[in-house]
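Number of protein chains: 4
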Amino acid sequence: MSELLFTPEQITAIERTRAEVSQLHQLLVRYDLVVWTGGNISGRVPGTELFVIKPSGVDYPELTPESMVVCTLDGRKVAGFSGSQRNPSSDTASHAYVYRHMPDVHGVVHTHSDFATSWAARGEAIPCVLTAQADEFGGEIPVGPLALIGDEQIGRGIVDTLQGHRSRAVLMANHGVFTIGKHAREAVKAAVMVEDVARTAHYARVGGEAHRAAR
Amino acid sequence: MSELLFTPEQITAIERTRAEVSQLHQLLVRYDLVVWTGGNISGRVPGTELFVIKPSGVDYPELTPESMVVCTLDGRKVAGFSGSQRNPSSDTASHAYVYRHMPDVHGVVHTHSDFATSWAARGEAIPCVLTAQADEFGGEIPVGPLALIGDEQIGRGIVDTLQGHRSRAVLMANHGVFTIGKHAREAVKAAVMVEDVARTAHYARVGGEAHRAAR
Amino acid sequence: MSELLFTPEQITAIERTRAEVSQLHQLLVRYDLVVWTGGNISGRVPGTELFVIKPSGVDYPELTPESMVVCTLDGRKVAGFSGSQRNPSSDTASHAYVYRHMPDVHGVVHTHSDFATSWAARGEAIPCVLTAQADEFGGEIPVGPLALIGDEQIGRGIVDTLQGHRSRAVLMANHGVFTIGKHAREAVKAAVMVEDVARTAHYARVGGEAHRAAR
Amino acid sequence: MSELLFTPEQITAIERTRAEVSQLHQLLVRYDLVVWTGGNISGRVPGTELFVIKPSGVDYPELTPESMVVCTLDGRKVAGFSGSQRNPSSDTASHAYVYRHMPDVHGVVHTHSDFATSWAARGEAIPCVLTAQADEFGGEIPVGPLALIGDEQIGRGIVDTLQGHRSRAVLMANHGVFTIGKHAREAVKAAVMVEDVARTAHYARVGGEAHRAAR
């Protein structure tokens, strides 16, 4: 845990990002993408080498701007902010890895949303059968490697898969979904949309097995 | 963007239609037919050559009567109304095409609702296996062509498919659902019902593959 | 529409039943068993030859005790009650048929709930694979005949199927579900439970096709 | 029904447990794990030979701390507490059996949640295809025996299956789910998570039948 010094402008940017990222978590609940304390969102703080992320083990209705944990880009928690007794999400090292290696990414979202995760459980990319998927992701949603939770392995898998890919979402094998965005809200939109296309593509395939040849 | 002149009666009709169409959008949320800013409803303004439609990129809880965009029947936005800084939905040209070619249609709805869109992804009409579908749509729900978003191609596909057809809903291939109605509320009802019958028909088929012969 | 005379006790019983039946409709919404204005509940009025039923074409949030329509056991609406400008549900003749032929039935519920209706669409009884179904329905949920809407044909199908059967629910072929009960609340419980067992039995079969032999 | 004497500290512990267990029931509703009055939660009272459990036949919105029934570890209701006119859940003997035979268990939850119960209906363990399942349950979710409701048979099946097993959840054949925890909240978390992994594993299998070989 490091203690750092900031300009008033940086403090304002940190607090604004904490408020924004805190509120975005409610969209994960509204769109039914998370259960219990699972899932997390982070956002890079403009004009700093920091990002803010959901604390570990806190229930969604209890999340507040003050409970968002401020971290350096190597994934260490920054002391001195209100609510800083909380530990950051166990996925923090992976979020940090993404921010270090993808400078245009300013938001990262992680969920185990049901349908997208069912494709991830098979290690199967979501084929592009919908114009909405083409618009949002540029084509199929790719699969990333099976990686251990807790260190930056997952982050490396995300970067290796999405670097140079048109998709802003990756299905981490046997695990769940990570999405990135130019800002945190865009990453949340990608998390919402990947579940939506995963669900429709699932129904399309399951409902039509017997009729595929006919098309 | 054109500036036009209206009688007081026309202004009243425009504002009434904006209020009605704005409120109907909440039914798309209530029945879980849309995510994020996807989907849209439009309504023809009685006694005018105009219709009103959802603005582009606005989240459902933020929609208000003032945010509904007023358009001419060739799909151009009419200036001078409060909230007119918003652009109309990217599907506006297609809604306009429908209003020009189907004079009895006074409401159009578009969604990517999950089950109906899964039939659309296969390019497969929904067979009529339910009395509710027979009552509401007169038989099967037809499939329309794959068409590009942004110009009136989709509108032409809707008109070509539904002209003379008993169904008020069409599954646009690999895209989603469009419904029409004698007024906007009737088109919304069709959007709700087509998802309901698509879901039941999906379960009926998937659950019974092994048992079909037995019937 | 007939005008009749009642004792004060009968008037009290009528108003109590209207309030109860009106409120029970909200459970159909809470358990996601109905869309738009579909579905209906009726309840026999104790100490009279009457029952009350949902009006036709009214949206669920708008239902009030006063909007419940009072009917004779031959399915005619009784004039003179507040809100009596509404027509009773189009299924009224069938509810009336049930009340005339099954004197112990005091409540009838009709829905097109998704999973139960998907079994009905195949004309296939729900096999008893759950202890909850055995407890609630005594075994499988039977299928009734395909019948036209609007006259008492459906009622006859319900009575013919459930008379002497342990189940309080019947799947009307290609149509939907009807349930009966010793009071309206019991019929609502059966409507909730039949959808629950239909859903679980559906998933059990679909998920296990490849593994059935192993059991 | 027995009348017993307690220290003030014990009374405080009882009331605290009743409040906690009462409130936890709302999570079963929030996560859509129960319908009607089905399902139940119990919690062991620290410093006593007692546990508290949901009353039989009470609707979820009506549950209060006072309605929670206080029981001895042989499953008999303790008289004298407010609300004690209610009978305890019909699963009480089985909860008691678990508390007697598993001293580290302080919470037990029972549901018929849809997807987990569909695996139970097939008598098939949920294979471990997700890192979240490995984290939460240590591997596959086992199946317990088919047992009669009402006496302690179910409790014996739970203990026989989970004793020495890493999973805190068991699928009771053709019945539903039981989960245990070091406290009631942990058992509720297991009930939420088992449905989540059951759902994802279901979709993963159903969606991929045709593609399994390719992996």
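Here the protein sequences line up with chains A, B, C and D, keeping their order.
Quick note on full-length UniProt numbering: the first sequence kicks off at 1 and runs consecutively.
Quick note on full-length UniProt numbering: the second sequence kicks off at 1 and runs consecutively.
Quick note on full-length UniProt numbering: the third sequence kicks off at 1 and runs consecutively.
Quick note on full-length UniProt numbering: the fourth sequence kicks off at 1 and runs consecutively.
We put the beta carbon where it would ideally sit given N, CA and C, even for glycine.
Against residue i, what residues of chain D qualify as contacts under a CB-to-CB distance less than 7 Å, listed in chain order?
i, result
"Tyr-60(C)", "Under the 7 Å cutoff, chain D gives no residues; its nearest Cβ is about 18 Å from Tyr-60(C)."
"Val-192(C)", "Val-35, Trp-36"
Check this for me: beta carbons of residue i and residue j, under 7 Å apart or not?
i, j, result
"Val-129(A)", "Ala-121(B)", "yes"
"His-112(B)", "Ala-132(A)", "yes"
"Met-172(C)", "Gly-138(C)", "no"
"Glu-152(A)", "Tyr-97(A)", "yes"
"Val-35(B)", "Ile-53(B)", "no"
"Thr-17(B)", "Gly-43(B)", "yes"
"Ser-94(C)", "Gly-155(C)", "yes"
"Val-188(D)", "Ala-116(D)", "no"
"His-202(D)", "Gly-207(C)", "yes"
"Asn-40(A)", "Asp-91(A)", "yes"
"Gly-157(A)", "Ala-147(A)", "yes"
Nearest CA to the CA of residue i: which residue from the options?
i, options, result
"Gly-164(A)", "Asp-151(A), Ile-180(A), Gln-153(A)", "Ile-180(A)"
"Pro-65(C)", "Gly-39(C), Ala-13(C), Glu-195(C)", "Ala-13(C)"
"Ser-82(C)", "Pro-55(C), Gly-47(C), Val-45(C)", "Pro-55(C)"
"Leu-49(C)", "Leu-63(C), Thr-37(C), Glu-62(C), Asp-74(C)", "According to the sequence shown, residue 49(C) is Glu rather than Leu. Here the closest residue by C-alpha is Asp-74(C)."
"Arg-199(D)", "Ala-191(A), Leu-33(A), Val-170(A)", "Leu-33(A)"
"Ala-204(C)", "Arg-168(C), Pro-127(C), Pro-8(C), Val-78(C)", "Pro-127(C)"
"Gly-38(C)", "Val-206(B), Val-78(B), Pro-46(B), Ala-190(B)", "Ala-190(B)"
"Ile-141(C)", "Thr-92(C), Thr-161(C), Val-78(C)", "Thr-161(C)"
"Ile-11(D)", "Phe-51(D), Asn-40(D), Ile-41(D)", "Phe-51(D)"
"Asp-135(C)", "Ser-167(C), Val-108(C), Asp-114(C)", "Ser-167(C)"
"Val-45(A)", "Asp-114(A), Val-170(A), Glu-9(A), Val-159(A)", "Glu-9(A)"
"Val-192(A)", "Thr-7(A), Tyr-31(A), Leu-5(A), Lys-182(A)", "Tyr-31(A)"
"Val-78(D)", "Glu-62(D), Leu-146(D), Phe-6(D)", "Phe-6(D)"
"residue 217(C)", "Tyr-60(C), Leu-4(C), Gly-47(C), Val-108(C)", "The question about residue 217(C) has no answer here: the residues shown for chain C are numbered 1 through 215."
"Arg-76(C)", "Lys-182(C), His-183(C), Ser-67(C), Leu-4(C)", "Leu-4(C)"
"Ser-118(D)", "Asp-196(C), Glu-62(C), Ala-125(C)", "Asp-196(C)"
"Gly-47(C)", "Glu-15(C), Ser-67(C), Glu-62(C)", "Glu-15(C)"
Between which two residues does the alpha helix (DSSP H) holding residue i run?
i, result
"Phe-115(D)", "114-122"
"Phe-137(C)", "131-137"
"Gly-157(C)", "153-162"
"Thr-64(C)", "Per DSSP, Thr-64(C) belongs to no alpha helix (DSSP H) and is neither H nor E."
"Leu-171(D)", "No alpha helix (DSSP H) holds Leu-171(D); the beta strand (DSSP E) holding it covers 169-172."
"Ala-96(C)", "92-101"
"Thr-12(B)", "8-30"
The beta strand (DSSP E) spanning residue i covers which residue range?
i, result
"Leu-50(D)", "50-53"
"Ala-191(D)", "First-last for Ala-191(D): 184-208, but that is the alpha helix (DSSP H), not the beta strand (DSSP E)."
"Thr-179(D)", "176-181"
"Val-69(C)", "69-72"
"Ile-41(A)", "40-44"
"Thr-111(B)", "107-111"
Mind pulling the chain A residues with CB within less than 7 Å of residue i?
i, result
"Lys-189(D)", "Trp-36"
"Thr-92(B)", "Simply none; closest approach about 16 Å."
Quick one: list the residues of chain C neighbouring residue i, beta-carbon separation under 7 Å, in chain order.
i, result
"Asp-114(D)", "Arg-199, Thr-200, Tyr-203"
How would you list, in chain order, the residues of chain C whose beta-carbon sits under 9 Å from the beta-carbon of residue i?
i, result
"His-175(D)", "Leu-130, Thr-131, Ala-132"
Find the residues of chain B that neighbour residue i, judging by a C-beta separation of less than 8 Å, and give them in chain order.
i, result
"Tyr-97(A)", "Simply none; closest approach about 28 Å."
"Ala-79(C)", "Chain B residues near Ala-79(C): none, gap ~28 Å exceeds 8 Å."
Mind the definition here: the region 84-93 of chain A touches the region 104-123 of chain D only if three or more C-beta pairs lie below 8 Å; say whether that holds.
-> no
With contact counted as at least three CB pairs below 8 Å, one residue from each stretch, are the region 13-26 of chain D and the region 17-33 of chain C in contact?
-> no
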